[in-house]
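Enquirer: Below you'll find the structure I mean.
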Amino acid sequence: MKTKIKNWFYKLKLYPSLMLTFNGIFVLAVLVILATSAVITGKITVKNYSTYASQFIQDLSRNVEYITNDVENKSRFILSESSIQEMLTAEHRNPAYNDILQRAKGEITRLIMEQDYIESLSVFDLKGNGFTVGDSPSYISSLSVWKKQSWYPEMIRKKGNYIWVSSDFTGIREQENKILFARVINRKDTMDGIGILMVVLDNAYLSKMINSLSNPAIGEFYIYGGEKLLFGPEEENREIQEFISGIKLTGKEEIDSRRSGRYFVTGCYDPHMDWNYLCVGMVRGVLSSQWINFLIVAMVTCIVIIIASYIYSRFSRGVTRELQSLNEIMGRAEDRNFKEEIKIRRIEEFIQLGGAYNKLINRIHILVNEVMREKLNAKQAQLENLQAQINPHFLYNTLDCISWKAMANDQTEIAEMIQCLSKMFRFSLGRGEKEIELSKEVENTRNYLLLQKKRFEDKLVYLIDIPDSVMKYRVIKFFLQPLVENSILHGIQSKPEKGYIGISAGEDDGQLVVRVWDNGTGIDEQQVAVLLRGDTYDSSGKRHRHGIYNVNERLKMRYGEESALRFENRKNGGTKVTIRIPVDKLQGRSGGSNVSGITGG
């Protein structure tokens, strides 16, 4: 079956084959993109939900922290308030006791009158005398009721340290849970317990605060004290509360978010209050926006597929017509008897095109071979002609003959010059290599300087100072001698006094640094620009490339822009040219460290 489908596809014409291929690939790519985008958007949606829920939990925790810190701060003020201390230590039979009591009550009233989250504040001495400020049930104002509660002994044991309690008030029927703050009030001078302070928070205010933070898109908020639900939404969701009771509360101070079944749970633990803050959202509700976005993307994708398929259909029909036309033109060449064949088994139009191309390419191959053979013959004839004109061996032997003749006639100086010239010719012709060891480049430059020394005599003094450690590096050929020649022609030749030329090289910070300097007339920036651009002209006005230009271009091409020639004027007169070549772009290296110093004149 698979073979039949393959053979059927291979025999299709170009247009249906292109359309099937394009639509198949395009639809497959779109399906992969849709699946990938669904996974990615789902993760982004969950991450965003977790971020929003964590922010709400953080806001709730911050608000509760503000309330508890404010209550604790106010309690410290009450402990040190002189009117409170006086009331708790005064004898209640004293005629002035009522005035003291009213003064203390007035101070407390002013302290809490603007705090909506405080339901009541009670101050009693250890005998049960005192007062309660705020709207509270009668049992809150009874010290005897306090003493029956489980938290009362713990408060006494703390001797002035505060406690936060979620209390149902044992012995009181049908009373709602209360969040209260309690501590013992100590005498300031002796730190003995003289009274009790209790602050009851307003449950209605806390519930309103929690509901104001709730968001249907995020979920419902709950506060648990231990295993007991303290606050939740106004409309109880028993399913969610049963779910919460079945999971382990986070117990971490850091905000934690995770998925559990059909719910997303985000929460944190407040060790200060021993409370758990929870936000519970339905997975279905959180991901609903993702599915809406997915359906929109799917609809847009279908429209794009239809439009793209129509455009590609128009394009492929045009290509098919062009190929059919080309096939007809190539078919006219059948009578030329081409022999070479290319086997094409797919797409009917390409099979026909391949047959015509096979016949045409055979003829082209023959013609190309003939042209190449003629060019090679012409090149060979040209080379042989050049070799006939100048035979290097003949030139070397002739120079050696002249040198021996000069020495035989005691013309030692002429013999030395001819030997230097012969070595330079040998170096120039060489074996066609593009890179040589630095030592050979230096040797060729030394021969050039020896010839110039014979010309200028005592007017020219040169120094070559290059360590053996860099002599084995392979560098481009003919980059040093043109620099020395430029120093002689443009720096020293026009000076009446003695001229100096120095050549040095060494490694610095991973680079081979070569310097050529002289004490000539110096060079300005305009001259440097002319040399590096090659804008030099001969006496007839014809432009020609200077050796400096060629050296600079070859250095940049081989080693990069950082190896270009750098000209600068020396402080004591003359010019210095610096070349920096990265060592990692060079070949060959010697481990020696001796310095070769060669001085001429």
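Start counting the sequence shown at 61; every next residue gets the next number (our numbering).
Cβ atoms here follow ideal geometry from the backbone N, Cα and C, with glycine treated the same way.
(1) Mind checking which residues open and close the beta strand (DSSP E) that includes Val574?
(2) Can we say the region 183 to 191 touches the region 273 to 288, given the rule of at least three CB pairs closer than 8 Å?
(3) Would you mind stating whether Phe33 and Val588 have Cβ atoms separated by less than 7 Å?
(4) Grab the span of the alpha helix (DSSP H) containing Trp206 for me, first residue to last.
(5) Using 8 Å for Cβ pairs, my map puts Arg319 next to Val343. What's the rounded Cβ distance?
(6) In this structure, how does DSSP classify Met215 when only helix, strand and coil are distinguished?
(7) Taking all protein chains shown into account, decide if Pro331 is buried (16 or more other Cβ within 10 angstroms of its Cβ) or exposed.
(8) Measure the beta-carbon distance from Phe324 to Tyr109 and round it to whole angstroms, keeping in mind my assumption that it falls under 8 Å.
(9) Is it buried or exposed, Glu179, if we count other Cβ atoms within 10 angstroms and call 16 or more buried?
(10) Per DSSP, what kind of secondary structure is Pro642 in: helix, strand or coil?
(11) Where does Gln175 fall in DSSP's three states?
(12) For Arg243, write down the residues that DSSP places opposite it in a beta bridge.
(13) Rounded to whole angstroms, what is the Cα-Cα separation between Ile127 and Val90?
(14) Identify the residues that DSSP records as bridge partners of Cys339: which are they?
(15) Please work out which residues of its chain come closer than 8 Å, Cβ to Cβ, to Pro542, disregarding the five sequence neighbours upstream and downstream, and give them in chain order.
(16) Does the distance from the CB of Gly580 to the CB of Leu523 come in under 7 Å?
(17) Terminal residues of the continuous beta strand (DSSP E) containing Val535?
(18) I think Asp176 touches Leu148, with their Cβ atoms under 8 Å apart; what is that distance to the nearest whole Å?
(19) For Ile419, count neighbouring C-beta atoms within 10 Å of its own C-beta (all shown protein chains included) and say buried if the count is 16 or more, exposed if not.
(20) From Asp262 to Phe229, what does the alpha carbon distance come to, in whole angstroms?
(21) For Arg136, which residues from the same chain have a beta carbon less than 8 Å from its beta carbon, with the 5 sequence-adjacent residues on both sides left out?
(22) Does the Cβ of Val574 have 16 or more other Cβ atoms within 10 Å, making it buried, or fewer, making it exposed?
(23) Grouping DSSP H, G and I as helix and E and B as strand, with all else coil, what is Arg318?
(24) Let me make sure I understand the geometry here. Which of Arg506, Glu613, Ile583, Tyr157 has the alpha-carbon closest to that of Gly594?
(25) Considering only heavy atoms of the ligand COA, does any lie closer than 6 Å to the CB of Thr192?
(26) Given Leu78, which residues of its chain have a CB within under 7 Å of its CB, disregarding the five upstream and five downstream residues?
(27) So the candidates are Ile168, Ser226, Ala95; which of them puts its Cα closest to the Cα of Gly285?
Expert: On the basis of the supplied data:
(1) In the sequence shown, counting from the first residue as 1, residue 574 sits at position 514. That run of the beta strand (DSSP E) goes 571 to 578.
(2) No, they do not touch.
(3) This structure does not reach residue 33, given that the chain is present from 61 up to 661, and the question cannot be answered.
(4) If you number the sequence shown from 1, residue 206 lands on position 146. Where Trp206 is concerned, the enclosing alpha helix (DSSP H) stretches over 203 to 207.
(5) Counting from 1 along the sequence shown, the entry for residue 319 is found at position 259. Counting from 1 along the sequence shown, the entry for residue 343 is found at position 283. The Cβ separation is near 7 Å, so the contact holds.
(6) Walking along the sequence shown from the start, residue 215 turns up at place 155. Correct three-state label for Met215: helix.
(7) Within the sequence shown, residue 331 is the residue found at index 271, counting from 1. When all chains shown are included, Pro331 counts as exposed.
(8) As a working note, residue 324 is residue 264 in the sequence shown. As a working note, residue 109 is residue 49 in the sequence shown. With a Cβ gap of about 6 Å, Phe324 and Tyr109 count as contacting.
(9) Sequence index remark: in the sequence shown, residue 179 carries index 119 (1-based). Buried, because 16 or more other Cβ atoms sit within 10 Å of the Cβ of Glu179.
(10) Here residue 642 corresponds to residue number 582 of the sequence shown, with the count starting at 1. Note: Pro642 maps to strand in three-state DSSP.
(11) Your numbering for residue 175 matches position 115 in the sequence shown. It is coil, neither helix nor strand.
(12) Residue mapping note: residue 243 aligns to position 183 of the sequence shown, counting from 1. Bridge partners of Arg243: Leu257.
(13) Mapped onto the sequence shown, residue 127 falls at position 67. Mapped onto the sequence shown, residue 90 falls at position 30. Cα to Cα, the separation comes out at about 55 Å.
(14) Along the sequence shown, one-based indexing puts residue 339 at 279. For Cys339, which the question treats as bridged, DSSP gives the partners Phe281, Thr326.
(15) The residue given as residue 542 occupies position 482 in the sequence shown. Once the five neighbours on either side are set aside, the close Cβ partners of Pro542 are Gly607, Ile608, Asn610, Val611.
(16) Reading the sequence shown from its first residue, position 520 is the one you call residue 580. Reading the sequence shown from its first residue, position 463 is the one you call residue 523. The answer is no: Cβ separation not under 7 Å.
(17) Working through the sequence shown from its first residue, we reach residue 535 at position 475. First-last of the beta strand (DSSP E) with Val535: 534 to 536.
(18) Here residue 176 refers to the residue found at position 116 of the sequence shown. Here residue 148 refers to the residue found at position 88 of the sequence shown. Not confirmed; about 28 Å, so no contact.
(19) Locating residue 419 in the sequence shown gives position 359, where the first residue counts as 1. Looking at the sequence provided, one finds Lys at residue 419 rather than Ile. So Lys419 ends up on the buried side.
(20) Position 202 of the sequence shown, counted from the start, is the residue given in the question as residue 262. Position 169 of the sequence shown, counted from the start, is the residue given in the question as residue 229. Looking at the two C-alpha atoms, the distance is approximately 15 Å.
(21) Stepping through the sequence shown from its first residue, residue 136 is reached at position 76. Closer than 8 Å at Cβ, skipping near neighbours: no residue.
(22) Working through the sequence shown from its first residue, we reach residue 574 at position 514. Result: buried.
(23) As a first step, residue 318 is located in the sequence shown; it is residue number 258 there, counting from the start. Residue state, collapsed to three classes: strand.
(24) Along the sequence shown, read from residue 1 onward, the residue named residue 594 stands at position 534. It is Glu613 whose Cα lies nearest to the Cα of Gly594.
(25) For the structure depicted, the ligand COA is absent and the ligand set is empty, with no information on it obtainable.
(26) As a first step, residue 78 is located in the sequence shown; it is residue number 18 there, counting from the start. The answer, listed in chain order, is Ser376.
(27) For the purposes of this step, residue 285 is taken as the residue at position 225 of the sequence shown. Looking at the Cα atoms, Ser226 is the closest of the given residues.
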